[in-house]
Structure formats: C-alpha cells, structure tokens
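Here is the structure we will look at.
Numbering (our numbering), first residue to last: 1 to 530.
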C-alpha cells in the first residue's frame, strides 16, 4: 500500500497527569476525528479494492512530493457521525517542486457527495488558488450534492455556484487539471468541464447531468451508465474527456506529466528541460510527394520534437486533427497538425472545436504554436451544415486570430480553401509561413477547381480524348497559377525548405520570436462564434 500521509498517525497526546479533563476530552475527540479520516472503514476499503481504486489520501500522496502536503479543513463536520472531513480533502503541496492546490473527493464518505462544509472547503481552495495564482488539481469521485443539505449548499452566495464562478475566474490564469476517478454527477459534472484537461479512468469514471435512472423516468430512455456518460464515450464521442487512463495511478502520472509542459500561472514560462534530439530525424522522404497518398502526421511530429516528448491531447477524439505538447530543444511548444491518415485530414466541427480549445490553452499559458498543414479544407454536405460547421470553423479561425504567442505555419502538403486560414495561413499574421517542396496552396485542388469552372464546357466535348486533353490543359494552367515558387516570389511564403532542415529552422525562429508583442485588439472582449 502507498503511504497515505506524511503526518504522524496520532497527532494528539493522551491525558496528562493533573491536566484539565476538558482538554483531555477535546484531544480524545480530535484524535478520533483524525483517525476517522486517515483510513477508510473496512467495508469501504474492500469496495475500493474491488473497483481497483485508491483511497483519497493515497491519490494525494502520489501527486505531491513526499512530506509537502499541508491539509486544510480536516475536521470539517467532525461532530457529525460518518462524515470525516465532510467527504473532501483539500490543501496544498508541491508537484515536482512547484506549489499546487488539490481538491479531492473521498468516495468512502457518502459516495463523495457534497454537503455544506464540502462546498465551503472547495470554495476556499479556489479562493486560495485565485489569491496566490496557484495551479489546482481536481481529483473528482463524487455522486453529487446531498439533497438533505440543499438549502445550505445550493442557492447562496457561497453555495456550489461559487465553485463554478471561481473556476471560470481561474481559467487561463492557472492550470486546472482534473483526474476523474469515479462519477461526476448532475451539477458536479461541470467541475471537469471548467478545467483545462480531463483525464478519465476507463471503466470507473463517468460524468452526466442526469443518471440513467433519471433519464428513464424523465424522457423514457433506457441506457447504460457507460453509454450515458462513461469514460470511453466521453473520450471518443462527446469530447468532454481528453485522456483515457487505465487506473488511478496512471491518471495521476498523466496529470503530472501534463503539468510539466505548462507554467504555474499565466505570468510565467513553462519549465525548461535538457535538450534532446528527435527519436527519428525528418528526411526528404518522410512526407509522400503525392498529395493523394495518406500518411500519419505523427511521423513529422516525431522528427520535430525531442525524443519521446510529444504529449497528445484528445488522441481518441476527432483524430483527423492532432493536438498536443512537445519539447523542442527542451522548450515547450504546442502542435496543431492535420492527419491525412484519418478521414483525409478534412476538418469537421469536432476537429475545429478541438483545435480552438487547444490554441486558447496555449495562448493562455505562453506556449508557442507550430501548425502542420495538410488539409483539403472543411467538410461539406448537408449533414455538417445542419451541424453548424460554419460556426465551429469560425471558432477555430477566431482562436488562431486572437492568439498572441509565436505562431508558425508549416505547409506540409496541401492547404486548400479555409483550411489554410484555420491552420494560421499568411493572412493571420503568423511569425512565419514556411513550406516544404511538397506544399500546395490554393482555393481548392486542381481537379475540383477545373470541374467547378469548366463543368459545362467539359460536358459539351463529345470526344473522350479531346475532353481529357482539355481537362489536363486547364489543370496545368491552374497549377502554374499557384506554383510554389511564384507564391514565394510574391511573398506569400517566408521560406521553402526541405524537411530535413525544418526542425533547425523552427528552432532559430522560435528563439527570435520569444519577445514578440502579446497585444491583439483593444476591446472589452470578443464575441466568439460558439
């Protein structure tokens, strides 16, 4: 078993000779309250073991450096039986030497449900995070609010709503990292939603506004918990989950690894690490020259970032677009890359949402962005139009426009239509637009363009050979119009380089862009197209 606390098991002394009985009584009761929250009851421990879960204090011990945790409010609701710490552990410690706050539900106390003191402890933790600009780790495993306490915890100025208000105030100020070990039900499901990343334990974690039983009662739908709000569903379908963990330990390790790529607050820079070479170098044959040949963009990413440093975010959701953090010469960068191996790299509503959120995250925490474009554009058709793809695409383009961190757009192969804009094309003021010799920039691909302009003329040509010759001539004219050298000559591109020189080129440009102006537009706020 993992050590559950660095504090002594019994911090209170027993009765002293000739001492005041009242003091002895206080010590006795406090000692009992301390012990009640030190370990789970036998039955609760057995249940945790059957679910492959760790006790809340074991989770915290895995997060913080040994001996660094200082707890607040351990004796909350101590006078009520069966409510040790009122079901939540809060406090602060250091994560790899950096101060942070934790809010951790205890599922052995009424299923981790919220009472009035629970809410007050969480509000105080968020206030501390705001006051001191400290990152906050959310260890969520809660059945939601206790209905019996609803008047005390729900409607007031320091009720549960204040938690969400403070989370919004913390957004972009400090990292908020959520490990979801069990349920996050009803209103409590919004705690993960307001964090920067949600790591869900496969088979145990879930989040939902209404339980399957409630759904059956209210809307007549019969559905399983996994289908309604399970970890795998949220990480693959809804996008509410970012990473799928195998167990509690894996989730906490992922949380700490994610934290290593970010600064402690918006005012600082991410930690630096020892520079390393990529796991495999980029070569001139890494990128297929035929734009119709799909390939995995991870091969390019692996050739750009330091060995084993790429940390992908939302790998199971909208995989046609890859987002994640990497290190280049020991410094954090954000990667946004089209993946032609999945759905041809076409942008959908989900991939636009995924990109926008990641770009906002990087911009909030001073992480430079590298875009790797190989995109035929946004998806078309009635289904995506009815789903609001214009609105979602505008969200991604808004994020690109507003970002003030250094941004570099690399045209790997095709960048057609609004896909060029979404991938930080020249019109969006990137620090540089670079292209590989395999790159193509145009409103659309040559085949689609010729068909769009000359469809009627093509249909009028009866002779098949003559028709084919006409199409080839017009296609050649179109390709000459958007010739790569011409684009460089017209200053659309800042540079054309071979793949094997790309990493070094980006490293130079990242160093030079470090002092760029971080202003975008003077206003109260934008009105994003969400």
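By construction, the Cβ of each residue, glycine as well, lies at the ideal position given by its N, Cα and C atoms.
Beta-carbon contacts of residue i that lie in its chain and below 7 Å, excluding the five residues immediately before and after
{"i": "residue 607", "result": "Past the edges of the chain, shown from 1 to 530, lies residue 607, and the structure says nothing about it."}
{"i": "residue 364", "result": "172, 266"}
{"i": "residue 271", "result": "260"}
{"i": "residue 296", "result": "339, 341"}
Burial state of residue i (16 or more Cβ within 10 Å)
{"i": "residue 97", "result": "exposed"}
{"i": "residue 219", "result": "exposed"}
{"i": "residue 79", "result": "exposed"}
{"i": "residue 520", "result": "exposed"}
{"i": "residue 8", "result": "Reliability fails at residue 8, whose pLDDT of 49 lies under 50, so the model's placement of it is uncertain and the value that follows must be treated cautiously. Flag for residue 8 reads exposed."}
{"i": "residue 533", "result": "This structure leaves residue 533 out entirely; the chain is present only between 1 and 530."}
{"i": "residue 285", "result": "exposed"}
{"i": "residue 2", "result": "Reliability fails at residue 2, whose pLDDT of 45 lies under 50, so the model's placement of it is uncertain and the value that follows must be treated cautiously. By the 10 Å Cβ count, residue 2 comes out exposed."}
{"i": "residue 465", "result": "exposed"}
{"i": "residue 280", "result": "exposed"}
{"i": "residue 146", "result": "buried"}
{"i": "residue 231", "result": "buried"}
{"i": "residue 472", "result": "exposed"}
{"i": "residue 226", "result": "exposed"}
{"i": "residue 459", "result": "exposed"}
{"i": "residue 59", "result": "buried"}
{"i": "residue 248", "result": "buried"}
{"i": "residue 131", "result": "exposed"}
{"i": "residue 234", "result": "buried"}
Three-state secondary structure (DSSP) of residue i
{"i": "residue 411", "result": "strand"}
{"i": "residue 362", "result": "helix"}
{"i": "residue 324", "result": "strand"}
{"i": "residue 380", "result": "coil"}
{"i": "residue 264", "result": "coil"}
{"i": "residue 527", "result": "coil"}
{"i": "residue 426", "result": "helix"}
{"i": "residue 444", "result": "coil"}
{"i": "residue 79", "result": "coil"}
{"i": "residue 318", "result": "coil"}
{"i": "residue 246", "result": "coil"}
{"i": "residue 50", "result": "helix"}
{"i": "residue 282", "result": "coil"}
{"i": "residue 26", "result": "helix"}
{"i": "residue 393", "result": "helix"}
CA nearest to the CA of residue i, picked from the options
{"i": "residue 39", "options": "89, 296, 27", "result": "89"}
{"i": "residue 322", "options": "357, 328, 232", "result": "357"}
{"i": "residue 244", "options": "182, 500, 214", "result": "182"}
{"i": "residue 118", "options": "137, 128, 84", "result": "84"}
{"i": "residue 411", "options": "401, 426, 451, 55", "result": "426"}
{"i": "residue 158", "options": "120, 177, 510", "result": "120"}
{"i": "residue 325", "options": "235, 314, 310", "result": "310"}
{"i": "residue 511", "options": "479, 328, 468, 436", "result": "328"}
{"i": "residue 65", "options": "253, 273, 48", "result": "253"}
{"i": "residue 214", "options": "198, 185, 199", "result": "185"}
{"i": "residue 384", "options": "365, 352, 372, 526", "result": "352"}
{"i": "residue 513", "options": "28, 407, 108, 264", "result": "407"}
{"i": "residue 478", "options": "462, 372, 442", "result": "442"}
{"i": "residue 299", "options": "109, 227, 290, 372", "result": "372"}
{"i": "residue 187", "options": "461, 174, 140, 197", "result": "140"}
{"i": "residue 505", "options": "366, 431, 291", "result": "431"}
{"i": "residue 197", "options": "526, 361, 47, 415", "result": "361"}
{"i": "residue 530", "options": "399, 524, 484", "result": "399"}
Close-in-space but distant-in-sequence residues of the same chain around residue i (CB under 6 Å, 5 per side omitted)
{"i": "residue 5", "result": "The predicted position of residue 5 is uncertain, since its pLDDT is 44 and thus under 50; a value taken from the coordinates is nonetheless stated next. The answer, listed in chain order, is 57."}
{"i": "residue 294", "result": "340, 341"}
{"i": "residue 492", "result": "426"}
{"i": "residue 531", "result": "The chain is shown only over 1 to 530; residue 531 falls outside these bounds and no answer can be derived."}
Cβ shell of residue i (< 8 Å), same chain only, five flanking positions each side left out
{"i": "residue 10", "result": "31, 34, 35"}
{"i": "residue 585", "result": "Since the first residue shown for the chain is 1 and the last is 530, residue 585 is missing from the structure and cannot be characterised."}
{"i": "residue 344", "result": "294, 320, 376"}
{"i": "residue 101", "result": "90, 91, 92, 125, 128, 129, 134, 135, 136, 137"}
{"i": "residue 250", "result": "201"}
Short CB-CB distance (under 8 Å) between residue i and chain D
{"i": "residue 299", "result": "Included in the structure is just one protein chain, with no chain D present."}
Inset, instruction - Would you check if there are 3 or more beta carbon pairs closer than 8 Å linking the region 347 to 362 to the region 317 to 326? - result: yes
Legend entry - Stretch-stretch touch, CB-based, cutoff 8 Å, three pairs: the region 369 to 382 with the region 411 to 421: Touching, yes.
Inset, instruction - Determine, using beta-carbon pairs with one atom in the region 323 to 338 and one in the region 378 to 394, whether at least three such pairs fall under 8 Å. - result: no
Inset, instruction - Decide yes or no for the touch test of the region 208 to 222 against the region 156 to 176: beta carbon pairs closer than 8 Å, at least 3 of them. - result: no
Inset, instruction - Spell out a yes or no on whether the region 451 to 468 and the region 424 to 441 are touching, meaning 3 or more CB-CB pairs, one atom from each, closer than 8 Å. - result: no
Legend entry - the region 199 to 218 touching the region 15 to 29, judged by at least three CB pairs closer than 8 Å: no
Inset, instruction - Please determine if the region 387 to 401 and the region 484 to 503 are in contact, where contact requires at least 3 C-beta pairs separated by less than 8 Å. - result: no
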